[in-house]
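Remarks on the structure that follows.
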Amino acid sequence: MLKTRVIAGLTFAVAALVVTVPGEASSRHHHGRKHHAHKAVSQPAVTLSAAEARGLAFAKQRCSACHAVGVNGTSPNPESPPFQDIANRPGVTTASLRQFLSDSHNYPDAMNFRVEDSDIMDLAEYILTMKQAGYRPQI
Numbered sequence: 000m001l002k003t004r005v006i007a008g009l010t011f012a013v014a015a016l017v018v019t020v021p022g023e024a025s026s027r028h029h030h031g032r033k034h035h036a037h038k039a040v041s042q043p044a045v046t047l048s049a050a051e052a053r054g055l056a057f058a059k060q061r062c063s064a065c066h067a068v069g070v071n072g073t074s075p076n077p078e079s080p081p082f083q084d085i086a087n088r089p090g091v092t093t094a095s096l097r098q099f100l101s102d103s104h105n106y107p108d109a110m111n112f113r114v115e116d117s118d119i120m121d122l123a124e125y126i127l128t129m130k131q132a133g134y135r136p137q138i
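Letter 82 of the sequence shown, counting from 1, is numbered 81 in numbering that gives the first Met the number 0, and no numbers are missing.
As C-alpha cells, this is what we get:
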C-alpha cells in the first residue's frame, strides 16, 4: 500500500515537472551565430494538457533557435516574434493559428524542416496558452 502511494506521488511529481512552462532565459545558436535572449521575468508555472505539453516539447526542440517559446522571452532571432506575441495578436484563434502554421510558415529553406499536421495541432494549442487579456508586447 505504501509502495503504491509512493509510486503514485512520484508519478504526479514527475508529470508536474514535465508539463510546466517557465519563462525564457538562455543563449541559443542560429545559423552559426550566437544570440542571447534577455533574462525573463519569473512567471508562475502553468499546468498543460497533453497536447499543449507535446506542443511545448516540439517548440523547445524545433522553434526555440529563432522564437522565444515561453512567456516574457526575447526571441533569439529578432525577425522571429515571440510565441507570446503571436498568441496575443488580434483575432488569433486555434483555427487561424493552425492555418497559418500549415500554409504560411512551412519555409523548409529557412527552417530546415517541415511542420507535420499533428505537430501543428499541438503547437497551436501550446501557443494559445499564452493568450492574455490586456497583453502588451515587450518593446
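Beta carbons are placed, not taken as given, at the ideal position from N, Cα and C, and that holds for glycine.
None of the values given here were measured: they were computed from a predicted structure.
Query                                                                                         : Result
Collapsed DSSP secondary structure at E51 in the structure displayed                          : helix
Local conformation of A67 per DSSP, three classes                                             : coil
Three-state class that DSSP yields for G22 in the structure shown                             : The pLDDT assigned to G22 is 46, lower than 50, so where the model puts this residue is not dependable; a value taken from the coordinates is nonetheless given after this. Reduced to three states, the DSSP call for G22 is coil.
Nearest to V114 (by Cα), restricted to the options T128, A52 and Q98                          : Q98
Beta-carbon proximity list for A132, same chain, < 8 Å, skipping 5 on both sides              : none
Proximal residues to G8 (C-beta, below 6 Å), its chain only, five neighbours per side dropped : Reliability fails at G8, whose pLDDT of 42 lies under 50, so the model's placement of it is uncertain and the value that follows must be treated cautiously. Within the same chain, G8 has no close Cβ partners at all.
Buried versus exposed, by CB contacts within 10 Å (16 or more), A49                           : exposed
Exposed unless 16 or more other CB atoms sit within 10 angstroms - verdict on D116            : exposed
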